[in-house]
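Following: one structure in structure tokens, then a few remarks.
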Amino acid sequence: MNSALAFTRPPPALLVEPQVRAALEEDLGRAGDITSQLTVAQDATATARLVARKPGRIAGLIAAEIAFRLVDPQLAFAVSVPDGADAAPGDVLATISGSARNILTAERVALNFLGPLSGTATATSALVKAVEGTSARIVCTRKTLPGLRLLQKYAVRCGGGFNHRFGLDDAAMVKDNHIAAAGGIAQALERLRAGLGHMVRIEVEVDSLAQLEMRFLDSSGNVTDTEYGEPARDTAAWGQPPVVAAISPKGATHVELGVSFPAASADVDQLVDQATLAETPGGHAPVVGP
Numbered sequence: 025m026n027s028a029l030a031f032t033r034p035p036p037a038l039l040v041e042p043q044v045r046a047a048l049e050e051d052l053g054r055a056g057d058i059t060s061q062l063t064v065a066q067d068a069t070a071t072a073r074l075v076a077r078k079p080g081r082i083a084g085l086i087a088a089e090i091a092f093r094l095v096d097p098q099l100a101f102a103v104s105v106p107d108g109a110d111a112a113p114g115d116v117l118a119t120i121s122g123s124a125r126n127i128l129t130a131e132r133v134a135l136n137f138l139g140p141l142s143g144t145a146t147a148t149s150a151l152v153k154a155v156e157g158t159s160a161r162i163v164c165t166r167k168t169l170p171g172l173r174l175l176q177k178y179a180v181r182c183g184g185g186f187n188h189r190f191g192l193d194d195a196a197m198v199k200d201n202h203i204a205a206a207g208g209i210a211q212a213l214e215r216l217r218a219g220l221g222h223m224v225r226i227e228v229e230v231d232s233l234a235q236l237e238m239r240f241l242d243s244s245g246n247v248t249d250t251e252y253g254e255p256a257r258d259t260a261a262w263g264q265p266p267v268v269a270a271i272s273p274k275g276a277t278h279v280e281l282g283v284s285f286p287a288a289s290a291d292v293d294q295l296v297d298q299a300t301l302a303e304t305p306g307g308h309a310p311v312v313g314p
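Basically this note's numbering = 1-based index in the sequence shown + 24.
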């Protein structure tokens with residue numbers, strides 16, 4: 025079985041390997057796994073299983089497999105529950121067999137990817153379920169751990185979410201500081217439209233419905249990024265569809281929720297096209313652990 029379901033669109037191994045290699049180099053240090061080298065016979069073989077400790081959505085097996093294969097290309101890695109699938113406590117996700125030494129050397133790095141990424145996928149899956157029946161999509165932000173954006177964005181896809189910007193060059197996203205530095209929203213938009221290619225979209229962050237109405241009644245087909253920090257303000261704002269309707273024929277509305285995911289469905293309802301949660305994707309409890 026493949027390590028990932030097709031809908032997750034796993035990144036090429038070529039892009040994942042440098043992150044896994046760096047983690048292994050960090051762990052192996054200057055002398056390698058001295059404990060396994062001295063306590064386990066060189067010719068000893070073993071079979072290990074990666075087992076789910078909690079119910080959740082799996083992500084990170086693609087990185088775990090690379091970790092084992094980088095340490096020992098001869099290790100066999102058989103997947104039972106691939107990335108993008110749900111697991112119950114006790115489910116065997118994958119089985120590794122071969123050199124006992126090398127399995128022990130790679131297992132911590134493999135789990136360090138698999139556990140947190142599965143936590144992110146599980147949290148995303150809960151958000152996706154919370155907005156079922158609406159037109160909203162759950163998307164992710166750039167609030168990722170340095171060096172791990174590719175895999176954390178992948179974990180969001182494993183949870184059924186969608187990716188927002190991968191980097192600063194994906195799209196133009198105008199925040200309050202940009203507006204202040206440019207001398208106003210009109211000046212900022214004028215410069216962007218003069219300098220950007222026709223394939224690059226523009227997003228503008230607004231803080232209130234008044235700004236939303238002022239800036240986007242002349243929507244040009246780009247996304248409005250709206251941030252509200254208080255649940256009460258969220259509910260009040262999205263309870264006024266005329267302003268949103270004024271931009272919806274051409275533009276999409278994207279709201280960052282300052283609330284926990286149980287309230288997400290009430291906040292986005294039918295009025296939001298995209299929603300993110302104002303917390304770091306890596307901040308969720310692992311589903312798979314030691």
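Note that the Cβ used here is the ideal one computed from N, Cα and C, for glycine as well. Just so it is clear, the structure is predicted and the values come from calculations on it, not from any experiment.
Practice problem: Tell me whether Leu74 sits in a helix, a strand or coil according to DSSP, three-state version. | Solution: strand
Self-check item: Run of the beta strand (DSSP E) containing Ala204, from where it starts to where it stops
Solution: Run containing Ala204: none in the beta strand (DSSP E); it sits in the alpha helix (DSSP H), 200-206.
Quiz prompt | As assigned by DSSP and simplified to three states, the class of Asn126 | solution = helix
Quiz item: Taking Thr148 as the reference, which of Gly207, Gly56, Cys182 has the closest Cα?
Solution: Cys182
Quiz item: Which of the three DSSP states, helix, strand or coil, is assigned to Asn136?
Solution: helix
Self-check item: Inter-residue spacing [alpha-carbon to alpha-carbon] between Asn126 and Lys167
Solution: 34 Å
Exercise. Output the boundary residues of the beta strand (DSSP E) element that contains Ala46.
Key: Taken as a continuous stretch (DSSP letters only), Ala46 belongs to no beta strand (DSSP E), being part of the alpha helix (DSSP H) at 37-52.
Quiz item: If Glu124 and Ala88 are in contact, beta carbons under 8 Å, what's the gap, nearest whole angstrom?
Solution: In the sequence on display, residue 124 carries Ala and not Glu. Not confirmed; about 17 Å, so no contact.
Quiz item: Three or more beta-carbon pairs under 8 Å between the region 101-114 and the region 39-49, yes or no?
Solution: no
Quiz item: Tell me which same chain residues have a C-beta within less than 6 Å of the C-beta of Gln61, skipping the five on either side of it?
Solution: none
Self-check item: Residue from Gly139, Ala196, Leu99, Asn201 whose Cα sits closest to the Cα of Ala218
Solution: Ala196
Quiz item: Where does the unbroken beta strand (DSSP E) through Phe92 begin, and where does it stop?
Solution: Looking at the DSSP string, Phe92 is not in any beta strand (DSSP E); the run it does join, the alpha helix (DSSP H), is 85-95.
Self-check item: Range of the contiguous alpha helix (DSSP H) that encloses Ala218
Solution: 209-219
Quiz item: Excluding five sequence neighbours on each side, which residues of the same chain lie with their C-beta closer than 6 Å to the C-beta of Asp57?
Solution: Thr129
Quiz prompt | Selected residue, minimal CA-CA separation from Leu175, among Val152, Ala160, Asn136 | solution = Asn136
Quiz item: Does the distance from the C-beta atom of Arg73 to that of Thr119 stay below 8 Å?
Solution: yes
Quiz item: Going by other Cβ atoms of all chains shown within 10 Å of its Cβ, with 16 needed for buried, is Ala65 buried or exposed?
Solution: exposed
Exercise. State the Cα-Cα distance for the pair Leu85 and Phe190, rounded to the nearest angstrom.
Key: 21 Å
Quiz item: Leaving out the 5 sequence neighbours to the left and right, which residues in its chain are closer than 7 Å to Ile90 when beta-carbon positions are compared?
Solution: Ala37, Val40, Glu41, Val44
Quiz prompt | Local conformation of Ile58 per DSSP, three classes | solution = helix
Self-check item: For Ser121: DSSP bridge partner residues
Solution: Thr71, Ala100
Quiz prompt | Own chain, CB closer than 6 Å to Phe315, minus 5 neighbours either side, in chain order | solution = Residue 315 is absent from the structure shown; the chain starts at 25 and stops at 314.
Quiz item: Going straight from the alpha carbon of Gly157 to that of Arg54, what length do you get?
Solution: 54 Å
Quiz item: Apart from the five residues on each side of it in sequence, which residues of its chain come closer than 7 Å, Cβ to Cβ, to Val224?
Solution: Ala195, Ala196
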